[in-house]
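Take a look at the structure below.
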Amino acid sequence: MLSNLSATVEQFEQAKSRLSTLKNDPGNEVKLKIYALFKQATQGPCNTPKPGMLDFVNKVKWDAWKSLGSISQDKARQQYCDLVGSLVAAEGGSSAQVAAQPAGSEATYETLLVTTEDNITTIKLNRPTKKNAITTEMYNDIVAALEQAAKDDSVLTVFTGAGDFYCSGNDLSNFTKIPEGGVELMAKQAGDLLRNYVNAYIDFPKPLVAVVNGPAVGIAVTALGLFDLVYATEKATFHTPFSQLGQSPEACSSYTFPKIMGVAKASEMLLFNKKLTATQACELGLVTEVFPESSFQMEVWSRLKAYAKLPPNSLALSKQLIRSTEKDRLHAVNDAEVERLVERWTSDECFNAIMSFFQAKSKL
Ligand SMILES: CCCCCCC/C=C/C(=O)SCCNC(=O)CCNC(=O)[C@H](O)C(C)(C)COP(=O)(O)OP(=O)(O)OC[C@H]1O[C@@H](n2cnc3c(N)ncnc32)[C@H](O)[C@@H]1OP(=O)(O)O
Numbered sequence: 001m002l003s004n005l006s007a008t009v010e011q012f013e014q015a016k017s018r019l020s021t022l023k024n025d026p027g028n029e030v031k032l033k034i035y036a037l038f039k040q041a042t043q044g045p046c047n048t049p050k051p052g053m054l055d056f057v058n059k060v061k062w063d064a065w066k067s068l069g070s071i072s073q074d075k076a077r078q079q080y081c082d083l084v085g086s087l088v089a090a091e092g093g094s095s096a097q098v099a100a101q102p103a104g105s106e107a108t109y110e111t112l113l114v115t116t117e118d119n120i121t122t123i124k125l126n127r128p129t130k131k132n133a134i135t136t137e138m139y140n141d142i143v144a145a146l147e148q149a150a151k152d153d154s155v156l157t158v159f160t161g162a163g164d165f166y167c168s169g170n171d172l173s174n175f176t177k178i179p180e181g182g183v184e185l186m187a188k189q190a191g192d193l194l195r196n197y198v199n200a201y202i203d204f205p206k207p208l209v210a211v212v213n214g215p216a217v218g219i220a221v222t223a224l225g226l227f228d229l230v231y232a233t234e235k236a237t238f239h240t241p242f243s244q245l246g247q248s249p250e251a252c253s254s255y256t257f258p259k260i261m262g263v264a265k266a267s268e269m270l271l272f273n274k275k276l277t278a279t280q281a282c283e284l285g286l287v288t289e290v291f292p293e294s295s296f297q298m299e300v301w302s303r304l305k306a307y308a309k310l311p312p313n314s315l316a317l318s319k320q321l322i323r324s325t326e327k328d329r330l331h332a333v334n335d336a337e338v339e340r341l342v343e344r345w346t347s348d349e350c351f352n353a354i355m356s357f358f359q360a361k362s363k364l
């Protein structure tokens, strides 16, 4: 179903009242941006006379408002909600209540928000109470959303998470629903789903961008090797605890990680569960750039909106040139990783690790 969405007046009011609950001063630059967005959202483009040279404070505020040019009140309201949402989230609150969806078209899924605006299709994992862990239904929905994004008019596709986590990886309860055919059938079905999921990334034809808004675990980290840009907030972490879970790497990371960061660093992550900070992940080349949490959403989205104005065919063709020589290799790696995991999922090591998680004996 398609409908038009932007920040509602109610969301805007909610964002206003949440702003007053902030404990930390976000700094003058951010405060000015908030002021300007508020004025634009409530009064439209700046049309008041410029304050005199000596009226320093009002002149700076006027400049900030004027700098928004003619952006619509709807858009300003939405950006205001996004900015307040990121400030609230930075203090440990949930940004989900105030962050508005980009205006534009929206496809409806149970735990996925898929929207298209400004030539960008955004796929947002929307299960914040479970740290955006991916259920079997979500794997299928993400594949469908990627197939749709490949065909739509957008130039870039962005993947991100709602709330304080980017994604905690595979939902471990996917392995607790044993079908009548037993554990072997469950493992085979999970393998087919995983192969299909990873193929959707390998074959994705347009630039794919990860906006890593918080910690990432497991398959949410390994899949990053198949993205074209990875932007992370400074509070993001990157953890692939496969041996701890009795499992093995997926999403082609057994190939992409050594290529990106070298065998030694890849082994620390994929064999020995080393959790990286955003800065470490950037130094190793897994992350493109790290941003301060207070301005993360604002900086990243303004940059992506500019990129999305570039000529789409040129972008897609250049991506194909960069990636095409690797495609067959990546498919072969995906098949091999899936084969290994199907074995692992029937092992005692894996069974015991998942049981301990649900008996709350172990957390990563
Ligand atoms: C069917 C296809 C299969 C393809 C599989 C492909 C292979 C994939 C491999 C992986 O992705 S391996 C990584 C799997 N992920 C984990 O092991 C993470 C497990 N979670 C945790 O260790 C912690 O929850 C956390 C992520 C470190 C967060 O800890 P925090 O203390 O901040 O929050 P919690 O209270 O633990 O979490 C809130 C809520 O969410 C539930 N939850 C979080 N992550 C998962 C998860 N991955 N699977 C299932 N449930 C998860 C957690 O249990 C809490 O639930 P409630 O207790 O509130 O009901």
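All residue numbers for the sequence shown refer to full-length UniProt numbering, where the first residue is 1 and numbers rise by one.
All C-beta atoms, glycine included, are put in the ideal place defined by N, C-alpha and C.
Quick caveat, the model's predicted, so the values are computed rather than measured.
Under the DSSP assignment, Ala232 falls in the beta strand (DSSP E) whose first and last residues are 229 to 233.
For Thr325, no beta strand (DSSP E) encloses it, and the DSSP letter there is neither H nor E. In the three-state reduction of the DSSP assignment, Ala7 falls in the coil class. Apart from the 5 residues on each side of it in sequence, Ile354 sits with its Cβ closer than 6 Å to the Cβ of Leu172, Phe175 in its chain, given in chain order. Secondary structure at Cys350: helix, using DSSP grouped into helix, strand and coil. Contact between Lys265 and Leu284 holds, since their C-beta atoms are separated by about 6 Å, short of 8 Å. The alpha-carbon of His239 is positioned some 16 Å away from that of Thr256. Using a Cβ distance threshold of 8 Å, Thr157 and Thr121 count as a contacting pair. Excluding sequence positions up to five before and after Leu32, its CB lies within less than 8 Å of the CB of Val60, Lys61, Ala64, all in the same chain and listed in chain order.
In the DSSP secondary-structure assignment, Phe291 is bridged to Thr233. The shortest C-alpha to C-alpha distance from Gln11 to any of Tyr35, Asp82, Ser72 is the one to Asp82. Around the beta-carbon of Phe242, 16 or more other beta-carbon atoms lie within 10 Å, marking it buried. In this structure, Asn174 has its beta carbon less than 7 Å from a heavy atom of ligand 1. Here Ala145 is near Ala107, since their CB atoms are less than 8 Å apart. Ile260 and Pro51 have their C-alpha atoms some 53 Å from each other. Where Lys188 is concerned, the enclosing alpha helix (DSSP H) starts and stops at 182 to 202.
Contact annotation: the region 187 to 197 touches the region 337 to 348, with at least three C-beta pairs closer than 8 Å. Looking at Val9, Gly44, Ser86, Gly85, the one whose alpha-carbon comes closest to that of Gly69 is Gly44. In this structure, the beta-carbon distance from Lys319 to Asp228 falls below 8 Å.
A residue is called buried once 16 or more other Cβ atoms fall within 10 Å of its Cβ, and Thr237 is buried on that count. Check the Cα spacing between Tyr166 and each of Leu185, Tyr201, Ile123: the tightest is with Ile123. Distances from the CB of Ala216 to the heavy atoms of ligand 1 are all 7 Å or more. In this structure, Glu289 has its CB at a distance of at least 7 Å from all heavy atoms of ligand 1.
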